Amino acid sequence: MNLLDYRPGTSAVHRCPLWAKYAVLLALSAVLVFWRQPLVVGVAVAVVFALYLTAALPREFLAPWRRGWPLLLFAGIARFISGIWGPTSASPLEALGPALVVVAAVFGALAAARLLVITTPGTELLDGLERFFGVMRPVGVNPEAAALAVNVMIRSIPWVGGAVRRNAEALASRGLRRGPVRLMGPVLVATVGHAQATGEALAARGLPGDHHGETGESRPS
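Quick note, in the working numbering, the sequence shown goes up one by one and the last residue is 226.
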């Protein structure tokens, strides 16, 4: 199982220190989340694309759209509906603009996060997260397990989007409507199966966990 989609390279983005990559990611994400102005979001997305060009990975820029378009579509529709029936009661045309800005903002944030993942070796990502979570060890946090959990979560987001797309296409091929109710069951089952397979693969690779069974200790009932 390939947890991360690292793309080897020698660009300035690849050679950038991990702390600097995280700082840029946090700054871009903050701008995209808290400044929902069209010009600001457009500039932030353009900066993300420029970073992809610098990393010599321009084709990877649209990967969040290809893999996660159901999530982006859901975010846009939710913002559109809230604009029409929310406190402002905007017209459909007036609500369309903010909805597109939300889609662009979510896409930019996903693209920025993916750039961090594909330009940083998995071991370096894990080591950096372990150092971050290491300060929480006194309160019972397992840094190794927490770091790996974050990486698995990052990888699971596009997988869930792909599951929605595949089931939507399957419904369409049978001439059925692709409503959220019809999609919920199959996507939930597929997601649970993916989570179980991921857990089994991690356990086979020695993921730190509960070893009561190995030491002969019994759990309290």
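For glycine and all other residues, C-beta sits at the position ideal for the given N, C-alpha and C. Only a predicted model underlies this, so the values are computations on that prediction, with no experimental measurement involved.
Enumerate in chain order the residues of its own chain whose CB-to-CB distance from R41 is below 8 Å, with the five nearest sequence positions on each side excluded.
Cβ contact annotation for R41 (same chain, cutoff 8 Å, sequence separation greater than five): P103, V106, V107, A110, in chain order.
What ranges does the beta strand (DSSP E) occupy inside the region 40–108, keeping only unbroken runs of at least 3 residues that lie completely in it?
none
Is it right to say L58 is buried, meaning 16 or more other beta carbons lie within 10 angstroms of its own, or is it exposed?
exposed
Can you tell me whether P5 is buried or exposed? The criterion is at least 16 other CB atoms within 10 Å of its CB, across all chains shown.
Here the chain has residues from 6 to 226 only, and residue 5 is not among them.
Give me, in chain order, the residues of the same chain whose beta-carbon lies closer than 8 Å to that of R20; leave out the 5 immediate sequence neighbours on both sides.
none
Taking the alpha helix (DSSP H) that L130 falls in, what are its first and last residues?
127–139
May I ask you to report which of helix, strand or coil DSSP gives S226?
Only weak support exists for where S226 lies, its pLDDT of 42 falling under 50; the coordinates are left without a value.
Can at least three beta-carbon pairs, one atom from the region 113–123 and one from the region 47–54, be found at a separation below 8 Å?
yes
Take N172 and list the residues in its own chain whose beta-carbon comes closer than 6 Å to its own, dropping the five residues that flank it on each side.
If we look at N172 and ignore the five residues flanking it on each side, its Cβ neighbours are L188, P191, V192.
Does Y11 come out as helix, strand or coil in the three-state DSSP assignment?
coil
Quick one, which of L44, V146, Y11 has its alpha-carbon nearest A60's?
Residue Y11 is the option with its Cα nearest to A60.
Can you check whether the CB of T196 is closer than 8 Å to the CB of A168?
yes
Would T124 and L23 be called neighbours here (beta carbons separated by less than 8 Å)?
no
Once the 5 residues before and after G14 are set aside, which same chain residues still bring their CB inside 8 Å of it?
A60, A61, L62, T124
Is V18 helix, strand or coil when you go by DSSP?
Secondary structure of V18 (DSSP, three-state): helix.
In this structure, does DSSP put N156 in helix, strand or coil?
helix
Taking A154 and E135 to be in contact with their CB atoms under 8 Å, please state how far apart those CB atoms are, rounded to whole angstroms.
So it is not a contact: roughly 11 Å between Cβ atoms.
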